[in-house]
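Participant: Sharing a structure below in structure tokens format, with a few things to ask.
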Amino acid sequence: MTQAMARALVLEAPRRLVERALPLPVIGEDDGLLRVEACGLCGTDHELYTGTLPAGFAFVPGHESVGIVDAVGPKAAERWGVRVGDRVALEVVQACGSCERCREGDYRLCRRHGLADMYGLIPVDKEPALWGGYATHQYLAPDSVLLPVPGQLDPVVATLFNPLGAGIRWAVTVPGTGPGDIVAVLGPGVRGLSACAAAKEAGAGFVMVTGVSPRDDGRLALAKEFGADLAVDVSRTDPARAIRQAAGHGADVVVDVTAKAPAALAQAVAIARAGGTIVIAGTRGSAETPGFWPDLIVFKELRILGALGV
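Note that the sequence shown covers residues 515 to 824 in the working numbering.
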């Protein structure tokens with residue numbers, strides 16, 4: 515009998531993305547298989563493709579997957595609360611559910627899996643190879659985290675579960691944003707715009723978003739539709755001065771979602787008011803941070819928090 519195959523895009527090296535046929539796994543009692551309908555494109559995926567973010571090649575990229583449960587074992591079905599035919603979204607992390615971190619709700623920091631078992635990054639030489647969303651099918655390991663998706667929701671739209679969830683967590687849940695707060699969001703990408711919307715929905719009294727011209731011109735113009743009261747091009751305007759002039763003082767909460775933007779950290783510290791909170795969700799690799807003066811964290815008694823994932 516001929517083995518059923520999936521089609522997948524495999525990133526073999528920077529800028530070398532090839533289509534491969536990979537065998538569909540045999541599903542047991544405690545795992546499953548997703549028939550992928552749509553998978554989002556994250557900035558991380560682009561960095562992996564270009565090689566600016568190191569990775570262990572080769573692998574199937576894609577970590578914002580939405581699809582239909584194609585097969586599921588009885589134990590997994592009971593644990594996840596799903597059955598064949600259900601539409602679900604798959605979180606990037608795997609979580610054992612039993613370690614201290616998982617029990618406390620911080621499953622992104624699962625002690626068993628950590629960052630090593632993130633979907634869209636696991637090498638194809640680890641069976642069953644279908645670890646990413648840029649494929650017709652994606653393997654659901656026993657410790658997968660599945661989210662139910664309404665059947666009537668367009669799966670392409672549903673892939674926004676990841677950036678929208680990030681916006682809510684980074685701009686509201688982690689810093690504790692509440693009514694009347696002044697919020698600054700650094701970076702007007704999809705996660706930055708989602709953070710603007712989340713902060714405004716949480717009752718923020720003023721929201722500023724920053725970007726760099728000409729790359730971000732369109733996104734800065736769009737920001738006001740997502741709740742921003744002020745959009746600032748940092749190549750032309752000092753954002754710290756702009757928020758003080760517009761809102762009366764610095765930001766209670768600063769959310770940095772920029773990627774590979776070394777100056778953003780210094781801007782975040784300058785924008786924050788004394789006693790304010792800075793959430794750092796964007797990564798900048800090993801790049802230096804020009805203009806960053808650590809003593810300001812002490813003098814302003816700032817609270818700086820890292821945020822990983824949704």
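Built from N, CA and C at the ideal position, the CB exists for glycine as well.
Short of 7 Å in beta carbon distance, which residues of its chain neighbour L567, apart from the five on each side in sequence? Order them along the chain.
Facilitator: Answer for L567: T558, E561, listed in chain order.
Participant: Where P575 and L523 are concerned, what is the direct C-alpha to C-alpha distance, given to the nearest angstrom?
Facilitator: Approximately 7 Å between the Cα atoms of the pair.
Participant: What are the boundary residues of the alpha helix (DSSP H) that includes H560?
Facilitator: Note, H560: alpha helix (DSSP H), 557-564.
Participant: Are the beta-carbon atoms belonging to I696 and G719 less than 8 Å from one another?
Facilitator: For I696 and G719, yes; Cβs fall inside 8 Å.
Participant: Does S579 come out as helix, strand or coil in the three-state DSSP assignment?
Facilitator: Reduced to three states, the DSSP call for S579 is strand.
Participant: Would you call the stretch 519-533 and the stretch 616-634 in contact, with 3 or more CB pairs under 8 Å?
Facilitator: Contact fails: fewer than three Cβ-Cβ distances are below 8 Å.
Participant: Check this for me: beta carbons of V659 and V607, under 8 Å apart or not?
Facilitator: Going by C-beta atoms, V659 is nearer than 8 Å to V607.
Participant: Just how far apart, CA to CA, sit L538 and T772?
Facilitator: Cα to Cα, L538 sits roughly 37 Å from T772.
Participant: What residue range does the beta strand (DSSP E) around L779 cover?
Facilitator: Where L779 is concerned, there is no enclosing beta strand (DSSP E), although the alpha helix (DSSP H) it sits in stretches over 778-785.
Participant: In terms of residues, what are the limits of the beta strand (DSSP E) holding R817?
Facilitator: Its beta strand (DSSP E) spans residues 817-820.
Participant: Using beta carbons (cut-off 8 Å, strictly below), is W684 in contact with chain D?
Facilitator: Looking for chain D here will not work: only one protein chain is present.
Participant: At 3 residues or longer, what runs of the beta strand (DSSP E) sit wholly inside the stretch 641-669?
Facilitator: Whole beta strand (DSSP E) segments, 3+ residues: 651-654, 658-662.
Participant: Sort A782, A672, P662 by Cα distance to G599 and report the nearest one.
Facilitator: Checking every option, the nearest Cα to that of G599 belongs to P662.
Participant: Tell me the start and end of each unbroken beta strand (DSSP E) in the stretch 570-628 that is at least 3 residues and wholly inside, in chain order.
Facilitator: Fully enclosed beta strand (DSSP E) runs of 3 or longer: 579-586, 601-608.
Participant: Under 7 Å: does the beta carbon of S727 sit that close to some heavy atom of the ligand SAM?
Facilitator: This structure simply doesn't include the ligand SAM, nor any ligand for that matter.
Participant: Could you check whether Y648 and V553 sit closer than 8 Å to each other, using their CB atoms as the reference points?
Facilitator: Sequence check: residue 553 is Cys here, not Val. The answer is yes: Cβ separation under 8 Å.
Participant: Where DSSP assigns a beta bridge to E533, which residues make up the other side?
Facilitator: DSSP, once it has assigned bridges, lists L523 as partnering E533.
Participant: Relative to the C-alpha of C613, which residue among H627, A603, A745 is closest?
Facilitator: Answer by Cα proximity: H627.
Participant: For L567, does the three-state DSSP call read helix, strand or coil?
Facilitator: It is coil, neither helix nor strand.
Participant: At what residues does the alpha helix (DSSP H) containing R705 begin and finish?
Facilitator: Counting along the chain, the alpha helix (DSSP H) containing R705 begins and ends at 704-715.
Participant: Taking D695 as part of the beta strand (DSSP E), name the residues at either end of that continuous run.
Facilitator: No beta strand (DSSP E) holds D695; DSSP gives it neither H nor E.
Participant: Quick one: Cα of V723 to Cα of A756, how far?
Facilitator: Computed Cα separation, rounded: 11 Å.
Participant: Whole angstroms is fine: what's the gap from T687's alpha carbon to A590's?
Facilitator: Between T687 and A590, the C-alpha separation is close to 29 Å.
Participant: Do you know offhand how far L525's Cα is from V540's?
Facilitator: About 24 Å.
Participant: What residues match up with P637 in a beta bridge as DSSP calls it?
Facilitator: Paired residues: F573.
Participant: Among A765, D731, P528, which has the Cα closest to the Cα of P702?
Facilitator: Minimum Cα distance to P702 is reached at D731.
Participant: Using the Cα positions of R729 and A780, report the straight-line distance between them to the nearest angstrom.
Facilitator: In a straight line, the C-alpha of R729 is about 21 Å away from that of A780.
Participant: Just the Cα atoms here: how many angstroms apart are Q652 and L810?
Facilitator: C-alpha separation (whole angstroms): 47 Å.
Participant: Using beta-carbon positions only, say whether D766 and V793 come within less than 8 Å of one another.
Facilitator: Contact: no.
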